[in-house]
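*Asks:*
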């Protein structure tokens, strides 16, 4: 196998982040995230968010972040509305339902919810014989590589606020989303109630930073993550990583890097006449190959089969912070050989 | 602050383990624990367990391990029996109950359950108006520093098997327990249905290895930990650590080291006329000081206040894999100055 | 308001059943369903089921029956497959999810699942990143008035058994379903693992009889319903009702009666040129009226608005055990006046 | 068997209540508690509560009432504090834990919690490593036949309000409690946040009336009980019963009746030299008999064995609304014969 384009979590972590862990390895630090590094990391993130008025909590993974936030925000008879392609609906083994809440889904457009989707959901859920929709869940960037624009997010959040719905943004691939959209980190405080800043998929060994903007959602969240098994004894191990990631704009540069390489791949593939399932501006792209070409490509590269169209197959290439331009160009060369 | 004896998770991780992470940082690895390092780690652990016939799953923390195992094993109307000092009863913020199960407690003796405790619990829970006891939970070493002997564990497991109860051993501090008791790792396969081998509290950055011996408890456990947010995308980050910990007996040596230093402290303190709350042979000791001496000691060392006896206070010293003999001797010297 | 065709639970209970309650009101009976009447009721039902080899438990309502059965049968990481029109998906306020389980839905055909639906669901849920489908839920009669034929049920159950899926039949309107289909009560033992025999919607004051055929699902179910608040202290109050309902074929006659009246309405409406949304052979029918006619009809009758088609509206008429032929004919006469 | 003193739910329901059901049996009523009888019942209860400012919801049983209220009020990381003898701790098969919440228990005095118990519980639960105590649960009358006085309840509620704890009163045996204590129904609005008025154990076929005084706990409770399977389609069947029970002071008279007979038994037994386990002023009494006398008594009467003291056994006699003075005197005569 020459290289894996299967996902963006194949490489342990960025060397600078490993270096930071190394540096801190002789220290004694307080447990449960009450240490200096975690404090620093929070302050650095708040600077980029351009607000002091938020609570930040670090947990280890995306499903954990999602289930912790959603089960904290919702009352027991409430459901979360998500796009049918949403991670919580498809790829979390019923983790949200396991906390007691229905995930109600809407088709959306390009992997994104619209205010129309929310309106429809509210219309259907009219009385106590149906769950109450209490929260809207979206992802930036989305599970299929698209991004919400500022105006789209603004419209959603305005709608949510008018209808007493909380808006939660899953930022598992936020770094890539930031690099691909006009929504910058300092805008989120006005665009949602709670979000998480993904680390695992962008160069941290593990770690996601949950950011709570809405005052009503702040109290006792530490109790809640503890009860979900998400409060790490060595919380500083994540604090150290985020501390480094938010210095020198490393967090942002990694997303820019992977997006640039994904764009490069898209351009080159397009020049080869390969069509794409969707217009992605992030680090996930979805080219469509003939079945026989996919077979050959599988022998030398690792990637995900996305959708079987019969004679053709949609595959997914994901670039990461660690992917090199060389690996991408070699892939293109190999594809050229295969399809010609 | 000269040094913290507050707990055994103040230092990031053993240098050899960090080195192993460093070495693997250029690789691409498969996600979700389906990588080579995790495979190696499992094989190394199985060698020490002296059985191939078990399933091993790595998760990030102790509460996560406990809630995942217990909610997997129990049926919805069943409860787990624990010692009243048990970690799941006291210090997990209702994590087990949050998965839907009562923690029924018994006083126990020296932090340990006896067959008599189980018998009493079964007698009380006689019909469908009370929860059914489905599992017994114990810790090795216990939350108050004691250890079960082989014959004690054998008696418990025999009793459990005769009464259709699963036995689960929480090994958050297993390394210390192994060094302090006559129960070696190759014996556990005959002493319980499921256990976990603690990493976070003995020199790993994070990670606990759940070991399932009972065939009935094996199927679909990966589905379950995914639904609890416990299946790490970068599972190999834990695999690498356990792989190293189980080479050169590093896992065992760390426990021996911390126990030896705790024994040293016990000896020295005893010679100074300090009494201990309990006879501990592990890395947690519970000396009893006069209130005014505790006040002075708090100014130079960090440790936990365990129990307020009025004029005297029980405190807890915990040694770790990283604690040095020098730090211990300095502590003793400082105590001498304070109490004389 | 002349009469309500809104549902089949507007009238308290059949006079014969009330009479039975009256007769037993001077007795002392054992609590929690351990009384003579409950015993008799079970035996009478078993006679009709033509098997001794099943466990029967009485609970008060349909949602309670559904949530008790489903949460008992499924493991925590498992989901139930239902038709998108299924009661558990639409009208139970997330009751199944509140017990921790996803309801995965398929479109189905005429409110009924097919083996193709199950096959599709299994294909999608291929690994541990998605819930495991553990059970198939269907209703007889369905939520939109249709019924499964014997061969349809047989095909479903065969498929389920081949794929280690449990099949659960919601019989909230079973009496009507029995009268409308070729599936008789003595056939169910070979057609599903567990079902419930609805009482509330067919002339009992309240009560549903859960029947467990599959031996694996029998143990400790009483513990489970107690933990769900479904084990009535005065269980005999339901036992008495089922005891009477299963004497003199009362249970069956009530369904025949309501179906006959629904058929009468269908015939008469068809003769008036009114179209029906679906071909229903049970006690729920779905005529399509012009909007203005619905407005007028609403002034004298109570019924449910089912679907707004713009100029036309689908409404639902439900007949019950208590509905009279006179009331139906008067309705027809009134409709004639309105539409002419 | 001459008579059962085993419990107060052996007889179906008071003849007047059955009469009311009979009268209403020809009517059509709206479903889900939105009917006239339920409305009347609520108004009659509010008159006795002397407040309009409360929400009332009827459900079928005590465990259902308890689990619905507690899981509605608590946040996911919160626990309820109960007396160790509390019904939710002992006899509900983990129903509260099944909704995700720990039941933390305190010994109490005479089956009653004190402010000291609450203070102790709060002291222990000091940070996010332990559940947060969110609610206090007590029963009036208690599970062992005692009652809280007005001043006791006032002290508890004052303490709860000062410490942001909700107070919930389980009134499964409220009628008996009202007759035995100085706390009358019009006082409860100032003594708790939520309570339930028990019906099943005092002459209703089934039904408990949950009363919510605290405005914060009112919204969306109907959604919640629906999601717990507790919203009856034929809600009016309970409404009719409570409507009748709260006419002519029937609800109160039934409690007075059963208490009077229990007092009579106590007096007579005391005169025979029989000692009682506790001083009960309600319908449950706990006489202590010699083992051999219990054996003989068991042959002619049904009652519960409460506690085995070795040579002696504590048994429980419960009187109900249906118990007659004749039955009590006959019991006394039979006891005389046995013990002499």
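Chains as they are written, first to last, in the numbering used here: chain A, 747 to 1086; chain B, 747 to 1086; chain C, 747 to 1086; chain D, 747 to 1086. Virtual Cβ for every residue (Gly too), placed ideally from N, Cα, C.
(1) Within 9 Å (strictly less), CB to CB, does residue 977 of chain B reach chain C?
(2) In or out: residue 941 of chain D buried (at least 16 other Cβ within 10 Å) or exposed?
(3) Give the single residue among B:1006, B:1081, B:954 whose Cα lies nearest to the Cα of residue 1047 of chain B.
(4) Taking a Cβ distance cut-off of 7 Å, strictly less, list which residues of the stretch 807–835 of chain C are near chain D, in chain order.
(5) For chain C, find out if any of its Cβ atoms is closer than 9 Å to the Cβ of residue 1060 of chain A; answer yes or no.
(6) Anything in chain C within Cβ reach of residue 843 of chain A, meaning under 7 Å, just list it in chain order.
(7) Just grab the DSSP bridge partners of residue 1059 of chain A for me.
(8) For my contact list, residue 1030 of chain A and residue 1060 of chain A are in at a C-beta cut-off of 8 Å; report their separation, rounded to the angstrom.
(9) Determine which residues of the stretch 860–890 of chain B have a Cβ less than 7 Å from any Cβ of chain D, and write them out in chain order.
(10) What does residue 837 of chain D reach in chain B if we use C-beta pairs closer than 8 Å?
(11) Taking 8 Å as the limit between beta carbons, can you name the residues of its chain near residue 950 of chain A, skipping five residues before and five after?
(12) Counting only runs that start and end within the stretch 949–994 of chain C, where is the alpha helix (DSSP H) found for 4 or more residues in a row?
(13) Which residue's Cα is closest to the Cα of residue 757 of chain B: A:756, A:781, A:963?
(14) Let me check one thing: in DSSP terms, what residues is residue 1094 of chain D bridge-paired to?
(15) What does residue 1091 of chain D reach in chain A if we use C-beta pairs closer than 8 Å?
(16) What is the C-beta distance between residue 1142 of chain C and residue 1050 of chain C, in whole angstroms, given that I count them as a contact (C-beta under 8 Å)?
(17) Taking residue 847 of chain C as the reference, give the member of C:854, C:876, C:784, C:1074 with the closest Cα.
(18) From which residue to which residue does the beta strand (DSSP E) around residue 917 of chain C run?
(19) Can you check DSSP and say which residues form a bridge with residue 763 of chain B?
(20) Can you list, in chain order, the residues of its chain with a C-beta nearer than 8 Å to that of residue 755 of chain A? Leave out the 5 residues immediately preceding and following it.
(21) So is residue 1019 of chain D in contact with chain B if we call contact Cβ pairs under 9 Å?
(22) Between the C-alpha atoms of residue 1010 of chain A and residue 936 of chain B, what's the straight-line distance to the nearest angstrom?
(23) Looking at residue 999 of chain B: is its Cβ nearer than 9 Å to the Cβ of residue 839 of chain D?
(24) Looking at the structure shown, is residue 876 of chain A part of a helix, part of a strand, or coil, going by DSSP?
(25) Output yes or no for whether 9 Å exceeds the beta carbon distance between residue 967 of chain C and residue 816 of chain C.
(26) For residue 1087 of chain B, does the count of other Cβ atoms within 10 angstroms reach 16, so buried, or fall short, so exposed?
(27) DSSP state of residue 1075 of chain B, grouped into three classes?
(28) Decide yes or no for the touch test of the stretch 877–892 of chain B against the stretch 1015–1028 of chain B: beta carbon pairs closer than 8 Å, at least 3 of them.
(29) How long is the line joining the alpha carbons of residue 924 of chain B and residue 803 of chain A, rounded to whole angstroms?
(30) Mind checking the stretch 946–968 of chain A against chain B and listing, in chain order, the residues whose C-beta falls within less than 8 Å of any C-beta there?
(31) Between the C-alpha atoms of residue 864 of chain C and residue 778 of chain B, what's the straight-line distance to the nearest angstrom?
(32) Can you name the residues that DSSP bridges to residue 1064 of chain D?
(33) Count the other CB atoms, across all protein chains shown, that sit within 10 Å of the CB of residue 798 of chain D; report buried if there are 16 or more and exposed otherwise.
(34) Would you list the one or two residues that DSSP bridges to residue 803 of chain D?
(35) Consult DSSP for residue 941 of chain B and reduce its assignment to one of helix, strand or coil.
(36) From this set, C:860, C:884, C:783, C:955, which residue's C-alpha is nearest residue 810 of chain C's C-alpha?
*Replies:* The structure says:
(1) yes
(2) buried
(3) B:1081
(4) 807, 809, 810, 813
(5) no
(6) 843, 846, 847, 848
(7) A:1035, A:1054
(8) 12 Å between Cβ atoms; not a contact.
(9) 874, 875, 876, 877
(10) 875, 876
(11) 759, 760, 763, 984, 987, 988, 991
(12) 967–973, 982–991
(13) A:781
(14) Outside the displayed range of chain D (747 to 1086) lies residue 1094 of chain D, so it cannot be described from this structure.
(15) Residue coverage of chain D in this structure runs from 747 to 1086, which leaves residue 1091 of chain D outside it and unanswerable.
(16) Residue coverage of chain C in this structure runs from 747 to 1086, which leaves residue 1142 of chain C outside it and unanswerable.
(17) C:876
(18) 912–917
(19) Answer is none; residue 763 of chain B lacks a bridge partner.
(20) 946, 947, 1066
(21) no
(22) 57 Å
(23) no
(24) coil
(25) no
(26) No information on residue 1087 of chain B is available, as it lies outside the stretch 747 to 1086 that chain B covers here.
(27) helix
(28) yes
(29) 35 Å
(30) 946, 947, 951, 952
(31) 28 Å
(32) D:1030
(33) exposed
(34) D:956
(35) strand
(36) C:955
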